[in-house]
Amino acid sequence: MPRTFLMLGAINAFLCVALGAFGAHGLKQRLSTDMLAVYQTGVQYHFYHALGLLAVGLILLHFPKSRLIVFSGWSMVAGIILFSVSLYVLSLTGIRGLGAITPLGGVAFLSAWAMLAYGVWSEK
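In structure tokens:
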């Protein structure tokens, strides 16, 4: 399982760099200032949680049997999809209904960090 999260972290970090560059260079003239800020927020939180996935992978090397830490990693993946991807799509399409999905991603992020903290704390 550590390898899975290390790979997911690396792939997502790659995607963040590519999406960030695309936003900075390809979308600057196409999106309003507000929508560009929404897009950049998606990239920012995506990057934080790509690094979080790398951390989960490294932590699992020390606590390989912790189901809570594994759930934390999957919660980060869910958060990336629900939070960051919804912001990418919202900023590119203007579909405001996607704003209802974004908070679910925020909850997934919060849950992931709480599970990670408790998972590390509770391991023997």
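Position 29 of the sequence shown, counting from 1, maps to 29 under full-length UniProt numbering, and the rest follow consecutively. Note that CB positions come from ideal geometry on N, CA and C, so glycine has one too.
As assigned by DSSP and simplified to three states, the class of residue i
i, result
"residue 29", "coil"
"residue 66", "coil"
First and last residue of the uninterrupted alpha helix (DSSP H) at residue i
i, result
"residue 109", "102-122"
"residue 184", "Summary: the structure shown does not reach residue 184, with the chain confined to residues 1 through 124, and so no result is reported for it."
"residue 98", "Looking at the DSSP string, residue 98 is not in any alpha helix (DSSP H), and its letter there is neither H nor E."
Beta-carbon proximity check, residue i vs residue j, cutoff 8 angstroms
i, j, result
"residue 55", "residue 12", "no"
"residue 88", "residue 42", "yes"
"residue 9", "residue 53", "yes"
"residue 116", "residue 84", "no"
"residue 123", "residue 32", "no"
"residue 63", "residue 120", "yes"
"residue 40", "residue 23", "yes"
Integer-rounded CB distance, given that residue j should sit under 8 angstroms from residue i
i, j, result
"residue 21", "residue 75", "That pair is no contact at about 27 angstroms."
"residue 101", "residue 86", "4 angstroms"
"residue 109", "residue 60", "Going by Cβ atoms, the distance from residue 109 to residue 60 rounds to 19 angstroms, so no, they are not a contact pair."
"residue 28", "residue 36", "7 angstroms"
Own chain, CB closer than 6 angstroms to residue i, minus 5 neighbours either side, in chain order
i, result
"residue 2", "57, 60, 61"
"residue 105", "79, 82, 83"
"residue 47", "16"
"residue 103", "none"
"residue 70", "1"
Contact set for residue i: own chain, Cβ-Cβ below 8 angstroms, skip 5 residues either direction
i, result
"residue 118", "68"
"residue 95", "89"
Close-in-space but distant-in-sequence residues of the same chain around residue i (CB under 7 angstroms, 5 per side omitted)
i, result
"residue 38", "87, 90, 91"
"residue 114", "none"
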